[in-house]
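Report on one structure; see the data block that follows.
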DNA sequence: ATTTGCACTAACCAATTGGTTAAATCATTA
DNA sequence: TAATGATTTAACCAATTGGTTAGTGCAAAT
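Residue numbers (the working numbering), protein chains in the order written: chain A, 34 to 232; chain B, 34 to 232.
See below:
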C-alpha cells in the first residue's frame with residue numbers, strides 16, 4: 034500500500050488561505066474560517082505565519098508570480114509575430130478562464146495596497162517591447178506604441194472576466210450565454226490584433 | 034446675511050459613506066469612521082439608514098446610476114458613427130479619470146455581490162447595438178459583433194485605471210509618466226476603433 | 001400651555017475580531 | 001530510555017465591531 038503523500042500543514046494553510054482570501058478579500062476573510070478550511074487550529078496560522086497580513090502577502094505574491102512567467106513563455110515559444118500574439122492571447126485567456134477569481138483578487142489587492150508591486154518582475158513587457166520594435170523596424174508590422182498595444186490586449190482579455198456581473202447583465206446574457214461569449218473572445222481579440230498589426 | 038445652504042444630515046451621511054466605502058470597501062469601512070467624517074453621532078447612521086448593508090447599497094446604486102445615462106447621452110448627441118464613438122470614448126475616459134476610484138468600487142462591489150445588478154438599466158447596450166446594426170446594414174461600417182465591440186472599447190478605457198498599480202509598475206512608469214500615458218489613451222483607442230469600423 | 005413627533009446624543013451591549021499562552025503530544029536523537 | 005525540540009491544542013484576552021436603548025432638546029401643532 035502506497036501511502037498517499039498528504040500535504041503538510043504549511044501547504045494546507047496556504048491552500049485554505051488562498052481559497053478564502055480569493056473569495057472574501059483581505060478584510061472579509063476570517064482567520065477562523067481559514068483554519069477550519071485547513072482542518073487545523075487557529076493558533077497554527079500564527080505559528081506558521083506570524084499574522085494575517087503576512088499570510089495574505091504570501092498568498093498574493095505566490096499567485097502573482099505563478100502566471101507572469103507562464104505568459105512570457107507562451108509568447109517566446111512561437112516563431113512569427115502572429116503566432117506569438119495568438120499563443121499569448123490563447124494562453125492568457127485559458128489561464129484566467131480557468132482561474133476566474135484570480136484577476137480581481139490580484140488587481141483589488143494591489144489597488145488597496147500598491148506597495149505589494151515592489152517584488153514583481155518586469156520581464157514580460159521588456160521581452161514583448163523588444164520584439165515588437167524589431168518587427169516594426171523590419172517592416173513586418175504597422176508601427177504601434179508597445180505600451181498601449183500590450184495594455185490594450187490585456188485589457189480585452191481580463192476585463193470581461195472581472196466585469197462579468199455587470200457585463201453579463203448589460204449584454205442580457207445569462208450564466209451559460211456569457212460563458213459562450215467568453216469562448217468567442219479569442220477569435221474576436223485576434224481579429225482586432227491582426228487589423229492593428231498588419232503593415 | 035444669506036444663510037449658506039448647508040447640506041442636511043442625510044446628504045452629509047451619504048457623502049461621507051461614499052468617501053469611506055470607496056476608499057476602504059464594504060468590509061474595510063467602519064461605521065464609526067463614516068459618522069466621524071460626516072461630523073455626527075454613529076447612532077444617526079442607523080437612524081437614517083437602517084444598517085451598514087443598506088447604507089452601502091444606497092451609495093452603490095446612486096453612483097452606478099449616475100454615469101450610465103451620461104455615457105448614453107454622449108453617444109446619441111453626435112451625428113456620424115465616428116463622431117459618436119469619439120464622444121463616447123472621450124466622455125467615458127474623462128469621467129473615470131476624474132473619478133478614478135469609481136470603476137474599482139463598482140466592479141468589486143458587484144463582483145462580491147452580483148445581486149446588486151438587478152436594479153440596473155440596459156439602455157446603453159440596446160441603443161448602441163441598434164445604431165451599429167443600422168450602420169452595418171447601410172454599409173458604412175465593417176460588420177462586427179456589437180457585444181464584443183462595445184465590451185472591447187469599455188475594456189480599453191477602464192482597465193488602465195483599475196490596473197494602475199500593476200500596469201504602471203510593469204510599464205516602468207512613475208505617477209507622472211502614467212498620467213501622461215492615460216492622457217494619450219483617447220487617441221490610441223480611437224486609432225483602434227477606426228481600423229475596426231472602417232468598411 | 002401642553003402635546004406630539006422628529007432629530008439627535010451618550011452610554012451601552014453582545015458578538016466577533018486577530019492574536020497569545022501555557023501546557024500537551026509527537027518525533028528525533030543521543 | 002531519557003532528553004530535546006518541533007508541532008499542536010484548548011482556553012483565554014483585550015480591542016473592536018455593528019447595532020440598540022433610553023432619554024434630551026426643540027419646533028410645530030393642538
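By construction, the Cβ of each residue, glycine as well, lies at the ideal position given by its N, Cα and C atoms.
query, result
"Residue 73 of chain A - DSSP class collapsed to helix/strand/coil", "coil"
"Residue 136 of chain B - containing alpha helix (DSSP H), residue span", "135-145"
"Nearest residue (CA-CA) to residue 55 of chain A, options A:203, A:135 and A:152", "A:135"
"Residue 194 of chain A and residue 129 of chain A closer than 7 Å at C-beta", "yes"
"Short-range partners of chain A found in the stretch 39-60 of chain B, where Cβ spacing is below 7 Å", "58 and 60"
"Residue 84 of chain B, DSSP secondary structure in three states", "coil"
"With 16 other Cβ atoms within 10 Å as the buried cut-off, status of residue 124 of chain B", "buried"
"The stretch 187-200 of chain B: positions lying closer than 8 Å to chain A by Cβ", "187, 188, 189, 191, 192, 193, 195, 196, 197, 198, 199 and 200"
"Per-residue burial, residue 133 of chain B [other beta carbons within 10 Å of its own, 16 or more giving buried]", "exposed"
"Contacting residues, own chain, Cβ-Cβ under 6 Å from residue 137 of chain B (five flanking each side not counted)", "195"
"Three-state secondary structure assigned by DSSP to residue 110 of chain B", "coil"
"Residue from B:213, B:73 and B:59 whose Cα sits closest to the Cα of residue 43 of chain B", "B:73"
"Chain B within 7 Å of residue 228 of chain A, Cβ atoms only", "yes"
"Segment contact flag, the stretch 148-166 of chain B with the stretch 206-221 of chain A, C-beta cutoff 8 Å, min 3 pairs", "no"
"Where the stretch 201-212 of chain A meets chain B: residues whose CB sits under 7 Å from a CB there", "202, 203, 204 and 205"
"Interface flag, residue 185 of chain B vs chain A, CB-CB below 7 Å", "yes"
"Positions along the stretch 119-131 of chain B whose CB lies within less than 9 Å of some CB in chain A", "none"
"Touch test, the stretch 102-110 of chain B against the stretch 217-232 of chain A, Cβ-Cβ under 8 Å, three pairs minimum", "no"
"Beta-carbon proximity check, residue 182 of chain A vs residue 188 of chain B, cutoff 7 Å", "no"
"Span of the alpha helix (DSSP H) around residue 212 of chain B", "208-230"
"Nearest candidate by alpha-carbon position, reference residue 201 of chain A, set B:45, B:82 and B:147", "B:147"
"Delimiting residues of the alpha helix (DSSP H) encompassing residue 179 of chain B", "179-195"
"Cα-Cα separation, residue 174 of chain B to residue 165 of chain B", "8 Å"
"Where residue 205 of chain A falls: helix, strand or coil (DSSP)", "coil"
"Inter-residue spacing [alpha-carbon to alpha-carbon] between residue 37 of chain A and residue 71 of chain A", "Since pLDDT at residue 37 of chain A reaches only 40, below the 50 mark, its modelled position is unreliable, and no value is offered."
"Simplified DSSP assignment, three categories, for residue 163 of chain B", "helix"
"Residue 175 of chain A (DSSP reduced to helix, strand or coil)", "coil"
"Extent of the continuous alpha helix (DSSP H) run through residue 45 of chain B", "42-61"
"Buried versus exposed call for residue 34 of chain B [16 or more other C-beta atoms within 10 Å across all chains shown]", "In this prediction, residue 34 of chain B scores a pLDDT of 29, lower than 50, which makes its location untrustworthy; no coordinate-derived value is stated."
"Partners in chain A for residue 147 of chain B, counting only beta-carbon separations shorter than 7 Å", "198"
"Proximity winner among B:47, B:58 and B:48, relative to residue 145 of chain A (alpha-carbon distances)", "B:58"
"Contacts around residue 45 of chain B, its chain only, beta-carbon distance under 6 Å, and the 5 residues preceding and following it disregarded", "71"
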